[in-house]
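Chains as they are written, first to last, in my numbering: chain A, 57 to 467; chain B, 57 to 467; chain C, 57 to 467; chain D, 57 to 467.
Yeah, the Cβ is synthetic: ideal placement off N, Cα and C, and Gly gets one too.
What follows is a short report on a single structure.
There are 4 protein chains.
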Amino acid sequence: MPTSPTKIAVAYSGGLDTSCIIPWLREHYDADVVAVVADVGQGDRELDGIEQKARSTGACECVVMDLKQEFLEEFAFPMAIMGSVYEGRYLMGTSIARPCIARAQVTAALQTGCDALAHGCTGKGNDQVRFESTYAALAPQLAVIAPWRLPTWNLRSREAMLDYLAVRNIPCAASKEKLYSRDANLWHISHEGGDLEDPWKAPPEDVWMLTTSPAQAPDQHQDVTISFKGGFPTAVDGRTMDSVSIMNTLNAIAGRHGVGRIDLVENRLVGMKSRGAYETPGGTILMEALRGLEQLVLDRDTLHWKQRLALEFGDHVYNGTWFTPVRAAMWAAAQSIAQVMDGDVVVRCYKGTSAAVRRRSPNSLFSQNFATFGQDEVYDHKDADGFIRLFSLPSRIRALKQNIATQDLAR
Amino acid sequence: MPTSPTKIAVAYSGGLDTSCIIPWLREHYDADVVAVVADVGQGDRELDGIEQKARSTGACECVVMDLKQEFLEEFAFPMAIMGSVYEGRYLMGTSIARPCIARAQVTAALQTGCDALAHGCTGKGNDQVRFESTYAALAPQLAVIAPWRLPTWNLRSREAMLDYLAVRNIPCAASKEKLYSRDANLWHISHEGGDLEDPWKAPPEDVWMLTTSPAQAPDQHQDVTISFKGGFPTAVDGRTMDSVSIMNTLNAIAGRHGVGRIDLVENRLVGMKSRGAYETPGGTILMEALRGLEQLVLDRDTLHWKQRLALEFGDHVYNGTWFTPVRAAMWAAAQSIAQVMDGDVVVRCYKGTSAAVRRRSPNSLFSQNFATFGQDEVYDHKDADGFIRLFSLPSRIRALKQNIATQDLAR
Amino acid sequence: MPTSPTKIAVAYSGGLDTSCIIPWLREHYDADVVAVVADVGQGDRELDGIEQKARSTGACECVVMDLKQEFLEEFAFPMAIMGSVYEGRYLMGTSIARPCIARAQVTAALQTGCDALAHGCTGKGNDQVRFESTYAALAPQLAVIAPWRLPTWNLRSREAMLDYLAVRNIPCAASKEKLYSRDANLWHISHEGGDLEDPWKAPPEDVWMLTTSPAQAPDQHQDVTISFKGGFPTAVDGRTMDSVSIMNTLNAIAGRHGVGRIDLVENRLVGMKSRGAYETPGGTILMEALRGLEQLVLDRDTLHWKQRLALEFGDHVYNGTWFTPVRAAMWAAAQSIAQVMDGDVVVRCYKGTSAAVRRRSPNSLFSQNFATFGQDEVYDHKDADGFIRLFSLPSRIRALKQNIATQDLAR
Amino acid sequence: MPTSPTKIAVAYSGGLDTSCIIPWLREHYDADVVAVVADVGQGDRELDGIEQKARSTGACECVVMDLKQEFLEEFAFPMAIMGSVYEGRYLMGTSIARPCIARAQVTAALQTGCDALAHGCTGKGNDQVRFESTYAALAPQLAVIAPWRLPTWNLRSREAMLDYLAVRNIPCAASKEKLYSRDANLWHISHEGGDLEDPWKAPPEDVWMLTTSPAQAPDQHQDVTISFKGGFPTAVDGRTMDSVSIMNTLNAIAGRHGVGRIDLVENRLVGMKSRGAYETPGGTILMEALRGLEQLVLDRDTLHWKQRLALEFGDHVYNGTWFTPVRAAMWAAAQSIAQVMDGDVVVRCYKGTSAAVRRRSPNSLFSQNFATFGQDEVYDHKDADGFIRLFSLPSRIRALKQNIATQDLAR
């Protein structure tokens, strides 16, 4: 690792923190700074004019990478197919974006000849671990700089940061006050801080950004049909679309009906609990649809094992250990299972609820007219006799043994 | 096992099927029949006058057992504490009642000197397995009669059954048509058959019985506060109540807001898929509240392990293998964990949705004012440096080794 | 399913049982019988002249299939790579052969135009389930005949069977007495019955067939080097060989040193316990070598997850549910992991023991000269400070919270 | 946490490292030092005169605690009952002692009014984590001093340490050379370093201390009978003994026959691999006996679940997270299961091998004379028909559905 980096690739969002980090890195390391912007669908408000902004803060270069499609197809959709949900609630929109962004940052760093990587994550969160786990797996030879963890980083309030920029005549539109800390992409938006820090308070309505309040949502439900091939969505309401359009469409529909709000006190990887509010409108109905499809096409052993697998896979997503052999192996298993996940599912959205109400598949194992197979061909009521006898045999043996032993003792 | 039983205890519901089974058993085995009625909260409509009804069909005795409290405290609440949900959806109201009912039936059979047990479950369902697994564990010496699986049972339509009763002058109020097959208790009601057998059709509105349609539910949300001690509910909205009152109260509130409807294609234990609709109003908000409480009081390792445990425990509930050493061991583990599950959770009900929006506990591990512990006492940002280095060390080593190997190959 | 089969493919071993089954099937069904012989390495003693034997008992055709290579490469070696061991002991030589044999039987049945499949397994064992699970997965349209479970099968002693053949002038060299029931192939031999049925008796020395008694084994240990590529063995002691030769070589070496004897009371799938003795000489050292190799090349998360996977995969092997989506998915995961399992392992054999004592791999994650990476590049002692602080943070928070609560209570 | 500790409790072994730590702590912190000696059966060679030794190095107090019985009964035996083995090999003798020792150290610290805890573990190992995880759980208010991780600790060679003591006129019998790093207690001894650091070298014979070389072991095998009550050993060869005597007896027998040697490349918690050699003579045959007993008394579901549990419990033992809710919950489950683990097992020891060859239990589920239950009472061959039909039903349905689909495609 270089003792003194000369060119640093920083994951740049255009927000206040990373706007300070660019000049700070230049000054502290006497190094060139490359701003790497990952477009994972956070939206134009954040991305418009970002190159100009990066240069104005002192970046020698700004690389903007459109990762929207790979974010969905290599990361978010596989997670949805797997069915992983962190601690029963969180659809992991921030977690799943980190390896995608960090991989792009590493690529840009290597292409622009950087010898160090930097990010603007704080020292108490999960994101620092996710970024640096990806760095370690893909480019262990590059130095890592996490300013927030350095004793020399003293910009620990928005005011201090605004002052820092003002002194350097770096223009910045950020406000002094910020109620919530947020992270957005095509899959979700997260909210932390403010009133959310009291778990005995309900999330205030001003938290939410992507979803209509259920109370304000339409009085008429809306059914949306999602079509799948091998677990990947291919069409919405019969119209074939690319992944990004599918996600935008689902976000719009679900958001309109107030679907996808999550409120959770969660265990961070770094050992403490935090309370977060999340909106994953399109992701929520995509997950619902996938689960509805699974019901039709996966047999019991497969589905139950996949449910356990989803828990373990989810920890890897949350922890940012995406580029690891075990995570890859789990996905190999899920891909094998997902081969039969073809079909259509109708999800009904209404005032915050979403439920798969119809589903069909060429690979369905359900048979409405089961009898048409012929009773002797597939199932005979009397088969259950033997099944139950053997299924309960261990209990029967134990009970008989105990009775005999009891009688022995009783004599 | 007796080749010819002389006194048979039958699990009697008062419905058409078991009303036929009593005379049928008497005639086929020349045996006395004891009707055992388990009151698990299915309601007065089913229970009123049931003793009289049982005797009028030929039972020599009718034993009515009030199991409501033990059903909740020994079966349903432990399942809720464990957090088991079958195939991600089904709250297992029918499954969890079966060992409770079957145990009472065995007790009544032994008390009344029966040498056989009978039930009215069909040969393609799960319930036969659940009943007979309990029989095997608790009274393997008693014979088991499952009329529906016998070639001599030829009452295979409602019409045939009504004729059978009419010929014998046994009064019966049952109708010839029955759209859905249902099972009810304090925890839930299930619906199968009819239009539900087509998974490409949404459940028709006439299916539902315990819950208002979300579209008809109040326009104003309702917050309900549930208090817990060791995971067991002790009060609703501040009023301390017994278990049965708590359940009735929660069912009323949730039902009014359309909460607790489930629509699922599930894998039966006996190897085929079936589609069911379920209503578990009170159970849904109780589960939601417990999960909200867990978020506060369980550390990550404990919660994540409990989630896996819940999947495995759920299979035992669904399969009816309640009276087994492994199921008991899992519950011993959950009890150990649940010691800290004290506190209050507010669940918000609105048009089919229910969400824990507030939670507090004397055993909370969440700290809003985390900083008050003092930075050096609990967490120092720089601790994350070392944590991440070691957390990602295996990835780093692998990558470094591979780089070295790659360079070797490149020469 | 045909009510009356006209041509039946029977899994034929040449032993007394299946020698009776051929004429019995012909007579009872008035059907042609095709004898299907699977060569999975059981040895010449069983296979010599088997075609002639089959025809002399009445088979219209005898199909001998050499499955030795596919048995190892598609079944036994994958199981060894996975590391599955049933109930901590049994290396599943019989279990793993069944899907291979049954698949070949189905192929032969379809090629010869049969409409039914038959096997000679008894009604209390696992093998009937393994055979018929494969039939169900690969050829559900064919009828299944399991004579031992039929009330019409009355040849329930060796004497009855010998008489049956004698009456029909079918020559048979089988003896009236048979101490143990055995099953052999390239991977192992199993022994059941006789004195083994008392678990309070040690296995008598006359049980064992493939392995020298440790007490008679050479006084000098022997080191054997096994080389692997992607987890599959490729060479022994430096000599590259095909799979069958590798297995024969390993069996010879291990057998000479008394390695691979197993004595176990196991849980059968059909609900009862049985006691078996097994010899898996070559398999034992192959498994030992693979575990030694894993130690070098798999990181902790991967190895620990694979250990859990091995338990679940093992149940599928034991139960005969090989041709199922979940089993295939697990193997997809293991294959992904096994990509790095290249290298050499030396296993030391001595008087019944075998232990991996040396191992090396191009993909080793172990570093003898760890320091050569440079302390700052890979590991700094002080990193452990932060790691331990965060690793134990949940315990610290819980303890601090409890102390505070205790103090509160103490006032 | 105190910025400057005034009285420090150090885990003292009497070895060179901790002999230096006492004066070093006194000098660096100007603090009193209490030496806490945990007797976990490491033997007189280490313990003789240790109080005198501690004082001569500057300890103001030396507390010797006999933990042998609690080490076995609260830690080692529960681990053995659980059946946890780390990475398939390591019986975790060092890991399991750490929480026992650290708890005693905390107790002594609180009793002697200390405000800090210190240990002599290095910064690359697991033991530092195990010690400090226990500290965090039991006494988070005490400061923790880990000299080896401090930049001010510069005694990084045996020579430097010997010089350090010589300058201070502190007598020390330690030698300049030490081939292996070792840790011993009643359960095992571990060896690291020296030639062991090359995994391509077999462990040299001079490594081993507790076990005779198999080649030198007696030519005659020895059978040892261990009796159990609830999983805990109560007698050896029919003689009832206390736990410590049982362990000493088993160690002597197994050691004489060369049983219990382990050679392993393992994954440390701190992210790197290391190679260790271990001797666990008595533990090996105790584990073997317990597994033999389980075979008789645990049904399939229970045993298979316990095997998965053992893997997860083992990680907690290895990682030192003993005093955590999840570890306690797992043990609650295991205790529930172990209630039936009564009986006797004979383990045969011979030249490095040990195998349970006989086992009996009043709770045995095995039945030699199974038929004596009567065929119709417990098992009827024809029951298997129905069992297999339903067991393989998912495969059959899938295959039939696919055939139909295939035919459709074929038209």
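In this structure, does DSSP put residue i in helix, strand or coil?
i      : result
T409/B : strand
L173/D : strand
Y334/D : strand
V223/C : helix
Q278/C : strand
F133/D : helix
A94/C  : strand
E261/B : helix
K232/D : coil
A199/D : strand
Select from the options the residue whose C-alpha is nearest the C-alpha of residue i.
i      : options                        : result
F447/B : G97/A, S112/A, V326/A          : V326/A
H175/C : Q167/C, Q184/C, G169/C, T168/C : Q184/C
Q125/B : P196/B, P289/B, R212/B         : P289/B
M138/C : W361/C, D219/C, W80/C          : W361/C
A229/C : D219/C, Y236/C, Y334/C, R452/C : D219/C
G311/A : T267/A, N375/A, A172/A, Y435/A : T267/A
A384/C : F131/C, E117/C, Y191/C         : F131/C
L359/D : A172/C, R214/C, V315/C, E322/C : E322/C
Mind reading off the beta-carbon distance from residue i to residue j? Whole number of angstroms is fine, and I expect it under 8 Å.
i      : j      : result
G179/A : R205/A : 4 Å
L352/B : S417/B : 5 Å
Y236/B : E248/B : 6 Å
D88/D  : K63/D  : 4 Å
A455/B : P196/A : 4 Å
C170/A : A202/A : C170/A to A202/A, Cβ: 16 Å. No contact.
Mind checking whether the beta-carbon of residue i lies closer than 7 Å to any heavy atom of the ligand ATP?
i      : result
G294/C : Only the bare structure without any ligand can be found here, which leaves the ligand ATP out of the picture.
Any idea if residue i is buried or exposed, counting beta-carbon neighbours within 10 angstroms, 16 or more meaning buried?
i      : result
N225/C : exposed
R145/A : buried
L346/C : buried
V66/C  : buried
S392/B : buried
Q431/D : Residue placement at Q431/D is flagged as unreliable, the pLDDT there being 49, under the threshold of 50; the coordinate-derived value follows with that caveat. Q431/D comes out exposed.
S410/B : buried
K457/A : buried
A450/C : Correcting the residue identity first, residue 450/C is Pro in this sequence and not Ala. The residue in question, P450/C, is buried, as its Cβ has 16 or more Cβ neighbours within 10 Å.
For the beta strand (DSSP E) containing residue i, name the first residue and the last one.
i      : result
M303/C : Here M303/C belongs to no beta strand (DSSP E); instead the alpha helix (DSSP H) covers 299 to 312.
S237/B : 237 to 240
C156/C : Unbroken run through C156/C is the alpha helix (DSSP H), 149 to 167; no beta strand (DSSP E).
S118/A : Note that residue 118/A is Cys in the sequence shown here, rather than Ser. It spans 117 to 122 - the beta strand (DSSP E) in which C118/A sits, taken as one unbroken run.
P79/B  : Note, P79/B: premise wrong, no beta strand (DSSP E); alpha helix (DSSP H) at 72 to 85.
Tell me the residue span of the alpha helix (DSSP H) that contains residue i.
i      : result
P381/D : 381 to 394
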